[in-house]
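Here the structure comes first, spelled out in C-alpha cells, and everything after it is commentary.
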Amino acid sequence: MTKVKYPKAIANWPAEERPREKLLTKGPEVLSDAELFAIFLRVGVKGKNAIDLAQELLSRYGSLRALYAAPVEELQDVMGLGVAKIAQFKAVIELSKRYLAEGFQNRPYVESSEDILKFLYQEMRDLDQEVFKIVLLNGQNHVLKILDVATGTLNSAKVYPREVVKLALRHSAAAAVFVHNHPSGVARPSEDDKRITRDLVHVCLLLGIKVHDHIIVGDNAKFSFADAGLIDEYARALDRK
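Heads up, the sequence shown is in my numbering, so the first residue is -14 and it goes up one at a time.
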C-alpha cells in the first residue's frame, strides 16, 4: 500500500488532519505534543511546516520540559525561533503553571499527597535549584497559603525550623505539608532531609501544628515521608521523650 504524503503546507492538508481543526472538533487531548506545539508556532520555516519544525525541536531537546528549560540565547540560535516567539512560549508555560497553582489555592481541602502533587509537581520538577515550600492548612485541611521557605543551590536549601513555625503561626495554620525538589532528579531522601523533617515534626507538634507530610519531588518520581511511615515515626519519638 502506497503511503500518501501530504503537501508541505498544513493549509493544504485534509481538514480533519490539520492540528487546529482537529483540536476544535476532537479536543486537545487527542493531539500529539508536536501537533499542539505546531498550533502555538503557527507557521514553519522554509522547507518545513509548523509540525516539521515542532517535531525537530522536540527531537532535539527530547521533551517540552527540556525545551522550556533551554536558555533564551540557545533558543535564539534555533531556526525559526525569534525573541518574540520564545517570549510567547515562556509566557504560555508560566500561565499554565499559574493556572494549576490557582486551582490549588482555591481547592476546598487536601486529602493526600497526591492532591498536592497535582498542582506543585510540574512546577517543582523543572527547577534547577532546590526550593523548599510549605503548604499551610487550617483544621479542615483547607489550603491557607503556599510559601517558599528557602531557596538554595543545586544540592541543598537551608531550612530553619523556628522560622518555618513562625510562618505557620503567622497564618494561624493548624497543619502543614512540606515540599521540596531534588534537581538531580532522584527523589530518595538524604540524611539531611530526614533530620530536618524530624526537627520540623517535633517543633511543629510542640506548638500544636500537625505535619501531614514532607514530599520530595524528583524527575518522574516522588517520595512521601508520610507514605513511608516516617512522619508517624518521628511523632512517636517525640512522645517517648
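Positions of the beta carbon are idealized from the N, C-alpha and C atoms, including for glycine.
Here the structure is a predicted model, which is why all the values come from computation and not from measurement.
- With a cut-off of 8 Å on the beta carbons, I'd call K130 and H156 a contact; round off their distance for me. 5 Å
- Message: In the DSSP assignment, the alpha helix (DSSP H) including F25 goes from what residue to what residue?
- Response: 18 to 26
- Query: Among all the DSSP beta bridges, which residues are the ones paired with D133?
  - Reply: K118
- Query: From N(-3) to A153, what distance separates their C-alpha atoms?
  - Reply: 59 Å
- Collapsed DSSP secondary structure at F210 in the structure displayed: coil
- Item | Rounded straight-line distance, which links the Cα of G203 to that of V251 | This structure cannot settle anything about residue 251, because the visible part of the chain is limited to -14 through 226.
- At which residue ranges does the region 146 to 171 contain complete beta strand (DSSP E) runs of 3 or more residues, listed in the order of the chain? 160 to 166
- Close Cβ partners of V188 (< 8 Å) along its chain, the five nearest in sequence each way excluded: P146, R147, V149, V150
- Message: I'd like the span of the alpha helix (DSSP H) that includes H187, first residue to last.
- Response: 176 to 191
- Task: Please look up how many angstroms separate the CB atoms of A72 and L121, rounded, as I've assumed it's under 8 Å.
- Result: 34 Å between Cβ atoms; not a contact.
- With D37 as the anchor, note down where its alpha helix (DSSP H) starts and where it stops. 35 to 46
- Identify whether I201 lies in helix, strand or coil by the three-state DSSP scheme. strand
- Bounding residues of the alpha helix (DSSP H) (the contiguous stretch that carries K7): 4 to 11
- Query: Roughly how many angstroms separate the alpha carbons of E79 and Q107, rounded to a whole number?
  - Reply: 11 Å
- Name the two residues that bound the continuous alpha helix (DSSP H) containing L112. Careful: L112 lies outside any alpha helix (DSSP H) and carries neither H nor E.
- Message: In the DSSP output, which residue or residues are listed as bridge partners for K195?
- Response: A160
- Spell out the partners DSSP gives V57 in its beta bridges. Note: V57 sits in no beta bridge, so no partner.
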